[in-house]
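Novice:
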Amino acid sequence: MKAFRYLRPASVEEAVKTSTPETAMLKAGGMDLLDLMKERVLTPDDVVQVPAVPERVRRVMTGPDGMLLVGALVTLAELAEAMAGPLPEVAHAASLAASPQIRHRATVGGNLCQHTRCGYFRLLSMPCWKRGDKECPVLQEGGVQENAGIFSNGSCACAHPASLPPVFAALDSLVMIQGAKLERTIPIADLYAPPKRGKLTDTTLAAGEVLTRVLIPPQGDAQLGYSEIRQKEAFDWPLVSAAARVVLRGGKIAAANIWLGSVAPTPHRAVAAEKALMGKPFDDATIQMAAAAVADGATPLPGNSYKAELATVAVKRALLRAAGRTK
């Protein structure tokens with residue numbers, strides 16, 4: 010890999026100011042960053058270790074208003090343990106990621122901000138629209154399409170692979186972002202933006218900004234379910250993942266959030282499936298109707314049409330878990 014300086018600032022604020030943002034990369038667990046540096050997809054002059062202080066970035070805490078505060082440096086293993094009581098489906102999502110060894114090193118912030126697993130993007134010897142080439146090779150004749158996205162895939166057909174964004178989005182979570190001059194809080198859905206040619210990440214983080222926390226509001230009597238479908242039980246990424254949150258009032262569904270992962274360049278909200286749930290009883294017939302609506306608006310490629318069916322299955326399983334009718 011390219012030679013770089015390794016910097017260890019003493020605070021988040023110092024990390025933001027330590028090096029020139031255009032030539033620096035932040036490192037938390039480093040599980041994905043080092044792979045991309047070895048392939049020279051990323052070639053930073055400086056690698057800045059996100060410091061484990063202050064306390065807010067490395068712990069799961071409860072705020073005075075009942076909001077759960079998840080530090081960006083909390084590992085996936087720590088998240089699974091901390092959420093086993095208050096939000097078991099978040100623990101479930103965290104416990105499925107990668108492998109036990111990686112979960113003890115990979116962080117919440119890294120999972121939320123990781124790059125696509127698209128093989129064209131990750132191999133410098135291959136063309137890639139995200140890296141600045143003229144066309145997305147996945148969309149060309151003969152392109153490898155099995156793991157590509159089926160939504161919003163007109164210019165770039167990569168798929169966002171992370172497990173946590175769909176479940177955090179279904180919970181209406183916020184993220185705190187520290188910049189050089191101020192700290193801002195945004196809905197987690199706004200952390201992501203459609204891909205642009207030559208822009209390597211799919212986040213909206215500006216140069217020099219650090220994601221420090223995830224804020225999960227109190228869920229009351231909401232019911233949450235998470236499901237993912239993958240080829241292997243461990244050390245693999247989802248082919249499709251789904252998170253579903255449902256609120257019942259008087260035996261009918263009064264609110265619903267359904268988010269999918271690994272089907273689009275960013276986490277994808279299944280609006281048609283949400284509408285299919287509204288005002289109906291939370292029974293098997295309603296779940297089947299919502300699952301059938303998941304693929305509305307999908308544009309599968311010749312090599313990944315199977316993903317539309319997988320999305321239907323993943324949402325059905327997530328809703329059944331939310332209803333408490335499956336484990």
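Each number in my numbering corresponds to the 1-based position in the sequence shown with 9 added. The beta carbon of each residue, even a glycine, is placed where N, CA and C say it ideally should be. Because the structure is a prediction, the values reported are computed rather than measured.
For residue 337, name the three-state secondary structure that DSSP assigns.
Specialist: Outside the shown range of the chain (10 to 336) lies residue 337, about which nothing can therefore be said.
Novice: Report whether the distance from the Cβ of residue 298 to the nearest heavy atom of the ligand SAH is below 6 angstroms.
Specialist: With respect to the ligand SAH, the structure offers nothing, as it holds no ligand at all.
Novice: Where does residue 115 sit, in a helix, a strand or coil, going by DSSP?
Specialist: Coil.
Novice: Only counting the same chain, and skipping five residues up and downstream in sequence, which positions put a Cβ closer than 6 angstroms to that of residue 127?
Specialist: Excluding residues within five positions, the ones whose Cβ falls inside 6 angstroms are 167.
Novice: Which residues share a DSSP beta bridge with residue 104?
Specialist: In the DSSP output, where bridge partners are listed per residue, residue 104 has none listed.
Novice: Check the DSSP bridge columns for residue 98 and list the partner residues they point to.
Specialist: Note: residue 98 sits in no beta bridge, so no partner.
Novice: Please confirm whether residue 231 and residue 256 have their CB atoms less than 7 angstroms apart.
Specialist: Yes, these two residues count as a Cβ contact at 7 angstroms.
Novice: Do you know offhand how far residue 5's Cα is from residue 11's?
Specialist: Any property of residue 5 remains undetermined from this structure, which presents the chain solely from 10 to 336.
Novice: Could you check where the beta strand (DSSP E) with residue 296 kicks off and where it finishes?
Specialist: Here residue 296 belongs to no beta strand (DSSP E); instead the alpha helix (DSSP H) covers 293-302.
Novice: Please state whether the Cβ-Cβ distance between residue 309 and residue 158 is less than 7 angstroms.
Specialist: Contact: no.
Novice: Measuring CA to CA, which of 114, 206 and 112 is closest to residue 137?
Specialist: Comparing Cα positions, the closest option is 206.
Novice: Let me make sure I understand the geometry here. Which of 291, 109, 261 and 301 has the alpha-carbon closest to that of residue 282?
Specialist: With distances taken between Cα atoms, residue 282 lies closest to 301.
Novice: Whole angstroms are fine: how far does the CA of residue 71 sit from the CA of residue 154?
Specialist: Their Cα atoms are separated by approximately 43 angstroms.
Novice: I'd like to confirm the pairing. Which residues does DSSP put opposite residue 221 in its beta bridges?
Specialist: Per DSSP, none; premise fails for residue 221.
Novice: Using the C-alpha atoms, what's the distance from residue 40 back to residue 252?
Specialist: Spanning the two alpha carbons is a distance of roughly 24 angstroms.
Novice: Can you list, in chain order, the residues of its chain with a C-beta nearer than 8 angstroms to that of residue 144? Leave out the 5 residues immediately preceding and following it.
Specialist: Counting only Cβ-Cβ distances below 8 angstroms, and skipping sequence neighbours, we find 136 and 138.
Novice: Does the Cβ of residue 315 have 16 or more other Cβ atoms within 10 Å, making it buried, or fewer, making it exposed?
Specialist: Classification for residue 315: exposed.
Novice: Rounding to the nearest angstrom, what Cα-Cα distance links residue 59 and residue 123 in this structure?
Specialist: C-alpha separation (whole angstroms): 15 angstroms.
Novice: Spatial neighbours of residue 15 within its chain, please: C-beta separation below 6 angstroms, excluding the five flanking residues on both sides.
Specialist: Same-chain partners within the cutoff: 56.
Novice: Kindly indicate which residue of 267, 88 and 260 has the alpha-carbon position closest to the one of residue 101.
Specialist: Here the closest residue by C-alpha is 88.
Novice: Quick check on residue 237: does DSSP put it in helix, strand or coil?
Specialist: It is a strand residue.
Novice: Taking the straight line between their C-alpha atoms, what separation do you get for residue 209 and residue 243?
Specialist: When rounded, the distance between both Cα atoms is 27 angstroms.
Novice: Can you pull the DSSP bridge partners for residue 277?
Specialist: BP columns for residue 277 point to 269.
Novice: Residues in the same chain with beta-carbon distance under 6 angstroms from residue 120, minus the five sequence neighbours each way, listed in chain order, please.
Specialist: Taken in chain order, the residues that qualify are 171 and 173.
Novice: Residue 259 to residue 286, Cα distance in whole Å?
Specialist: Rounded to whole angstroms, residue 259 to residue 286 spans 14 angstroms at the Cα level.
Novice: What's the call for residue 189, buried or exposed, on a 16-neighbour Cβ count within 10 Å?
Specialist: So residue 189 counts as exposed.
Novice: Leaving out five residues before and five after residue 49 in sequence, what residues of the same chain have Cβ atoms less than 6 angstroms from its Cβ?
Specialist: Excluding residues within five positions, the ones whose Cβ falls inside 6 angstroms are 133.
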